[in-house]
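In the working numbering, the protein residues as written are 248 to 429. Ideal placement from N, C-alpha and C gives every residue a C-beta, glycine not left out.
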């Protein structure tokens with residue numbers, strides 16, 4: 248009986264050790280792949296956020312010009328909201344790029360630091376808020392293209408100022424993420 252147990256242990260121990268070594272190697276390899284994936288996603292995310300910041304900066308100038316145009320024609324009851332929009336060369340909104348964030352949030356979010364996850368989730372929420380505010384401005388303009396009254400012009404200015412405020416807040420949050428990832 249003792250010979251059978253010794254033979255069994257002699258045969259099973261190398262198998263168990265081999266399995267443990269294989270598991271360790273597999274875990275090490277998965278960890279290495281996860282680090283590479285996280286670095287690639289982080290790099291892509293930072294690039295998208297920098298491009299978004301640049302787009303916001305460009306649009307803020309155009310949007311401020313739009314507000315200045317409203318101010319210039321605020322009391323002129325011959326100039327409609329549509330005319331003001333044409334003189335300002337349209338309404339502009341930045342493109343908020345968060346594709347890398349969406350990619351990792353749908354797959355391996357547990358690999359990321361909580362602070363970055365929270366910040367990127369906040370940016371995604373702000374993107375939706377900005378989209379809704381821009382739609383509201385477009386709907387207002389669409390419903391009132393020929394309005395020439397001061398009150399409608401001021402309301403349009405308020406809507407655009409609200410969009411600008413959201414963009415500045417978004418820009419601040421993006422800067423914090425980029426500064427923390429250095």
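- If you draw a straight line from the Cα of residue 260 to the Cα of residue 276, it is about 24 Å long.
- Counting along the chain, residue 298 sits inside the alpha helix (DSSP H) bounded by residues 249-319.
- Proximity to residue 320 across 416, 420 and 398 peaks at 398, based on C-alpha coordinates.
- Contact check between the stretch 280-292 and the stretch 303-316: fewer than three CB pairs, one atom from each, fall below 8 Å, which does not count as touching.
- 7 Å or more divides the Cβ of residue 369 from the Cβ of residue 335.
- With fewer than three CB-CB distances shorter than 8 Å, the stretch 411-420 does not count as touching the stretch 347-360.
- Using a Cβ-Cβ distance cut-off of 8 Å, the stretch 337-348 and the stretch 371-386 are in contact, since at least three pairs of beta carbons, one from each stretch, lie closer than that value.
- Sequence-distant partners of residue 296 (beyond 5 residues in either direction) whose C-beta falls short of 7 Å from its own C-beta, in its chain, are 421, 424 and 425.
- Between the alpha carbons of residue 416 and residue 322 lies a gap of roughly 31 Å.
- Its chain contains 427 as the residues whose beta carbon lies nearer than 8 Å to that of residue 362, once the 5 sequence neighbours on both sides are disregarded; these appear in chain order.
- The three-state secondary structure of residue 339, taken from DSSP, is coil.
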